[in-house]
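> Read left to right, the sequence shown gives residues 162 to 274 (my numbering).
Glycine is no exception: its CB is placed at the ideal position from the N, C-alpha and C atoms.
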Amino acid sequence: MNSPNGFFQKAVNLESRNFFLQIQKFENGYFISITEGVKKIGSIVASLATGPSPITTTVIPTRTDSLFLKLVAERISTRVRGIALVSVFVQKELETDTAKALMSEIMDMIENE
């Protein structure tokens with residue numbers, strides 16, 4: 162999974178749904194794209210963690226899964242003490258177990274880079 166240019170990708174099948182995870186590492190943070198089915202830019206949240214708690218803002222709002230989007234961005238920005246931009250495009254709302262599994266896959270990709 163190591164990449165000399167800091168780009169990582171992985172296909173994940175969860176509960177008969179196909180997700181594609183793409184992560185681009187930068188010196189001061191990450192850009193994470195989570196897509197289901199076709200690769201599209203979806204809802205986007207930006208999180209910055211340089212102080213005791215992250216500052217998070219919605220760039221492109223979502224109809225569903227806003228909590229998941231915010232949690233991913235805040236967890237990553239806090240871990241790297243920097244910026245996390247997270248985009249999510251899904252066909253339908255994520256089940257709790259699916260969201261947890263996606264979060265786990267993303268954190269594994271970042272921690273094992």
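Work out the CA separation of I221 and S204 for me, nearest whole Å.
In the sequence shown, the residue the question calls residue 204 occupies position 43. In the sequence shown, the residue the question calls residue 221 occupies position 60. Near 5 Å, if we compare the C-alpha coordinates of I221 and S204.
> Flag this pair as yes or no: are the beta carbons of L209 and S238 separated by less than 8 Å?
By one-based count along the sequence shown, residue 209 stands at place 48. By one-based count along the sequence shown, residue 238 stands at place 77. Yes.
> Which value, in whole angstroms, describes the spacing of the CA atoms of M162 and F168?
As a first step, residue 162 must be located in the sequence shown, where it is residue number 1. As a first step, residue 168 must be located in the sequence shown, where it is residue number 7. Caution applies to M162, whose pLDDT of 49 falls short of 50 and renders its modelled position unreliable; the model cannot decide the point.
> Give the C-beta separation of I193 and I244 to the nearest angstrom, bearing in mind that I take them to be a contact with Cβ-Cβ under 8 Å.
The residue labelled residue 193 in the question sits at position 32 within the sequence shown. The residue labelled residue 244 in the question sits at position 83 within the sequence shown. Actually they are not in contact, since the Cβ atoms of I193 and I244 sit about 11 Å apart, beyond 8 Å.
> By DSSP, does M162 sit in helix, in strand, or in coil?
As a position in the sequence shown, residue 162 is number 1, starting the count at 1. Caution is warranted here: a pLDDT of 49 is assigned to M162, below 50, making its placement in the model unreliable, and no coordinate value can be reported.
> Spatial neighbours of M270 within its chain, please: C-beta separation below 7 Å, excluding the five flanking residues on both sides.
The count along the sequence shown starts at 1 and reaches residue 270 at position 109. M162, F169, K171, L182 and I184.
> What residue ranges within the segment 189–243 form continuous alpha helix (DSSP H) runs of no fewer than 4 residues, ordered along the chain?
Listed in chain order, the complete alpha helix (DSSP H) runs (minimum 4 residues) inside the segment 189–243 are 227–241.
> What would DSSP say about L255, mapped onto helix, strand or coil?
Start at 1 with the first residue of the sequence shown, and residue 255 comes out as number 94. Coil at L255, not helix or strand.
> Would you kindly work out how many angstroms separate the C-alpha atoms of T259 and G212, rounded to a whole number?
As a working mapping, residue 259 is identified with position 98 in the sequence shown. As a working mapping, residue 212 is identified with position 51 in the sequence shown. If you take the alpha carbons of T259 and G212, they lie about 30 Å apart.
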